[in-house]
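K.L.:
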Amino acid sequence: MNRSEETTAKARPAPDPRGPGAHPRRPAADVTTPRREPQLVNPSEGAAQMRRRSVVVIGGGFGGLEVVHALAGCEIDVTLMDRKNHHCFQPLLYQVATAALSPADVAWPIRSIFSAQKNVTVIMAEVDRVDTGGQVVTTTDGLNIPFDELVIATGVTSSYFNHPEWAQYAAGLKTIEDATRIRARILGCFERAERTADPAARQTSMTFVIVGGGPTGVELAGSIAEIAQNVLARDFRHINPRTAKVVLVEAGERLLSAFAADLSRYTEGALQRMGVEVLTRASVARCSDDGVVLADGRRIDSCCVLWAAGVRATPAANWLGAQADRAGRLLVDAQLRVPPHPNIFAIGDIAAARSEGRPVPGLAPAAKQMGRFVGELITRKVSGLKGEQPVFVYRHQGDLATIGRKSAVVSIGRLRLTGFLGWLFWSVVHVYFLIGVRNRVAVAINWSWEYLTFQRGARLIS
1 MNRSEETTAK ARPAPDPRGP GAHPRRPAAD VTTPRREPQL VNPSEGAAQM
51 RRRSVVVIGG GFGGLEVVHA LAGCEIDVTL MDRKNHHCFQ PLLYQVATAA
101 LSPADVAWPI RSIFSAQKNV TVIMAEVDRV DTGGQVVTTT DGLNIPFDEL
151 VIATGVTSSY FNHPEWAQYA AGLKTIEDAT RIRARILGCF ERAERTADPA
201 ARQTSMTFVI VGGGPTGVEL AGSIAEIAQN VLARDFRHIN PRTAKVVLVE
251 AGERLLSAFA ADLSRYTEGA LQRMGVEVLT RASVARCSDD GVVLADGRRI
301 DSCCVLWAAG VRATPAANWL GAQADRAGRL LVDAQLRVPP HPNIFAIGDI
351 AAARSEGRPV PGLAPAAKQM GRFVGELITR KVSGLKGEQP VFVYRHQGDL
401 ATIGRKSAVV SIGRLRLTGF LGWLFWSVVH VYFLIGVRNR VAVAINWSWE
451 YLTFQRGARL IS
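Take the sequence shown: its position 378, counted from the start at 1, is 378 in full-length UniProt numbering, and no numbers get skipped.
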């Protein structure tokens, strides 16, 4: 027997003593192979793909999307996790809450956004914990997702200043679900008033209190006033919606405190001309299902209290066992890394970041800039680029807030716009930054229709 025949004979399996028709035996387990716990690795084929670096991004907001976009040309696997299957354009959520737009107009499926970016896997899941030593994210349903770099972009939720029980009475506005609940509450108040005979109860049903005089509070107050004055004016038979009362409560000295003082004064005057009662230097001492009581003892009876006064961070600091500020935001260094973890980053509202000695504001443009910075930083690392690490520098792009029909305030550098020009500029900017041509067209058509007819087509109570 030559060497090749000998090798073949050794390789040929021994005949099965059970006969030729027997089912093949399962091979015995290799006791030297360690048992692997079930876990999810970014789907890929071949061992070469599995050896690529893995970046996990938690959060599909502005910052999270920007990180993933920045990693498009990088030879790594990216996993984007979010509790929802969609990205929500939060600056226009108030328009969903006030029946100007439908939820689909301000949201877009995350999978659709990255369908052409082949190094991205999208997972709809909620984080339970993060093993920083083992570099694994575990979801609430037991999925284990390993990472080489982790980006936290989970954002914030409404804060009720140590009164979490107020949340059941004063709805916050952070998600699509929040917006549709607020829409149902606002429209439901008018429906309740229509079938109420008692004048006092009727007025309570048509009194709306918005707590917080930032952009969201201003936009909600102006939009509700427009609903009462224009949209619903002719729709009811037993009430006059124009008698509705809208009260905007702000604890500070002025509305839109981040804007220039002259724009704050313009905003307050514009709201008052729309019939909104503006209360500054007024803080809420108690909130219940029948209204609010202010710190000075004044009581405002209302069936609809909306909360736009503050935010708190998601529990990311608890996942990481990392330091956080009083609002729960993760402390980060100049590269937006979470000490002491050089491979974990925090961006957007969840990060207590500073740029050139000043706090970075919780704005969408800031989150996008932070996401782009971290994406480029990871790309540098994967590419093996050496040298001094860049630091994050925030470039403020301006402030915009809409007040109502043909009225907005814009501050970009030395440029100041108010009234119709400000409103037109605000409208163009927000349509431009929407994701997807369909959303841009839908929003532009809805706004044009409302402008011409004073009607809003999303007045559904669901």
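Think of the CB as a built atom: it goes at the ideal place given N, C-alpha and C, for glycine as much as any other residue.
Considering only DSSP beta bridges, list what asparagine 144 is partnered with.
P.N.:
Thr138
K.L.:
When burial is assigned at 16 or more other CB atoms within 10 Å of the CB, is tyrosine 160 buried or exposed?
P.N.:
buried
K.L.:
Do you know whose CA, among Gly357, Gly384, Gly398 and Ser383, lies nearest proline 365's CA?
P.N.:
Gly398
K.L.:
For a test of the three-state rule: what should DSSP assign to glutamate 250, helix, strand or coil?
P.N.:
coil
K.L.:
Please list, in chain order, all residues of the same chain as glycine 188 whose beta carbon is under 7 Å from its beta carbon, the five residues on each side excluded.
P.N.:
Ile461
K.L.:
List the endpoints of the continuous beta strand (DSSP E) containing methionine 124.
P.N.:
Looking at the DSSP string, the run of the beta strand (DSSP E) that includes methionine 124 is 120-124.
K.L.:
Between which two residues does the alpha helix (DSSP H) holding asparagine 446 run?
P.N.:
437-453
K.L.:
Note the first and the last residue of the continuous alpha helix (DSSP H) segment covering cysteine 88.
P.N.:
In the DSSP annotation of this structure, cysteine 88 is not part of any alpha helix (DSSP H); the continuous beta strand (DSSP E) holding it starts and ends at 86-88.
K.L.:
Taking 8 Å as the limit between beta carbons, can you name the residues of its chain near proline 315, skipping five residues before and five after?
P.N.:
Gly328
K.L.:
In angstroms with no decimal places, state the Cα-to-Cα distance between methionine 370 and isoleucine 182.
P.N.:
Near 31 Å, if we compare the C-alpha coordinates of isoleucine 182 and methionine 370.
K.L.:
Return the bridge partner residues of valine 151 from the DSSP annotation.
P.N.:
Val57 and Phe345
K.L.:
List the residues that DSSP assigns as beta-bridge partners of lysine 245.
P.N.:
Thr207
K.L.:
In this structure, does DSSP put alanine 28 in helix, strand or coil?
P.N.:
Here alanine 28 scores only 38 on pLDDT, less than 50, and its place in the model is too uncertain to base an answer on.
K.L.:
Can you find a heavy atom of the ligand SAH that lies under 6 Å from the Cβ of arginine 414?
P.N.:
Looking at this structure, you won't find the ligand SAH or any other ligand, since it has none at all.
K.L.:
Measuring CA to CA, which of Asn343, Ala444, Ile152 and Arg326 is closest to arginine 319?
P.N.:
Arginine is not the amino acid found at residue 319; the sequence shown has tryptophan there. Of the listed residues, the one whose Cα sits closest to tryptophan 319 is Ile152.
K.L.:
First and last residue of the alpha helix (DSSP H) that includes residue 463?
P.N.:
Residue 463 is absent from the structure shown; the chain starts at 1 and stops at 462.
K.L.:
Can you have a look at residue 464 and say buried or exposed, based on whether 16 or more other CB atoms are within 10 angstroms of its CB?
P.N.:
Outside the modelled stretch of the chain, which goes from 1 to 462, sits residue 464, for which no answer is possible.
K.L.:
Do you know offhand how far proline 390's Cα is from valine 338's?
P.N.:
16 Å
K.L.:
Just the C-alpha distance for glycine 291 and aspartate 301, rounded to the nearest angstrom, thanks.
P.N.:
4 Å
K.L.:
Quick check: what's the CA-CA separation for leucine 306 versus valine 293?
P.N.:
Computed Cα separation, rounded: 14 Å.
K.L.:
Cα separation between aspartate 235 and valine 443?
P.N.:
24 Å
K.L.:
With 16 as the cutoff for other CB atoms within 10 Å, does lysine 118 come out buried or exposed?
P.N.:
Lysine 118 should be labelled exposed.
K.L.:
Which residues bound the beta strand (DSSP E) around proline 215?
P.N.:
Segment 215-226 is the alpha helix (DSSP H) holding proline 215; no beta strand (DSSP E) there.
K.L.:
For a test of the three-state rule: what should DSSP assign to threonine 267, helix, strand or coil?
P.N.:
helix
K.L.:
Could you check what DSSP says for proline 13 in three-state terms: helix, strand or coil?
P.N.:
Caution is warranted here: a pLDDT of 45 is assigned to proline 13, below 50, making its placement in the model unreliable, and no coordinate value can be reported.
K.L.:
Given that a residue counts as buried once 16 or more other Cβ atoms are within 10 Å of its Cβ, and exposed if not, what is arginine 456?
P.N.:
buried
K.L.:
Who are the Cβ neighbours of histidine 86 in its own chain at under 7 Å, not counting the five residues just before and after it?
P.N.:
Ala107, Trp108, Pro109 and Ile110
K.L.:
Can you tell which of Thr180, Thr418, Arg358 and Ile344 has the C-alpha that lies nearest to the C-alpha of glycine 134?
P.N.:
Ile344
K.L.:
Measuring only the C-alpha atoms, how far is phenylalanine 89 from isoleucine 435?
P.N.:
8 Å
K.L.:
Which residue or residues does DSSP assign as beta-bridge partners of tryptophan 307?
P.N.:
Val211
K.L.:
Sort Phe208, Val441 and Arg254 by Cα distance to leucine 279 and report the nearest one.
P.N.:
Arg254
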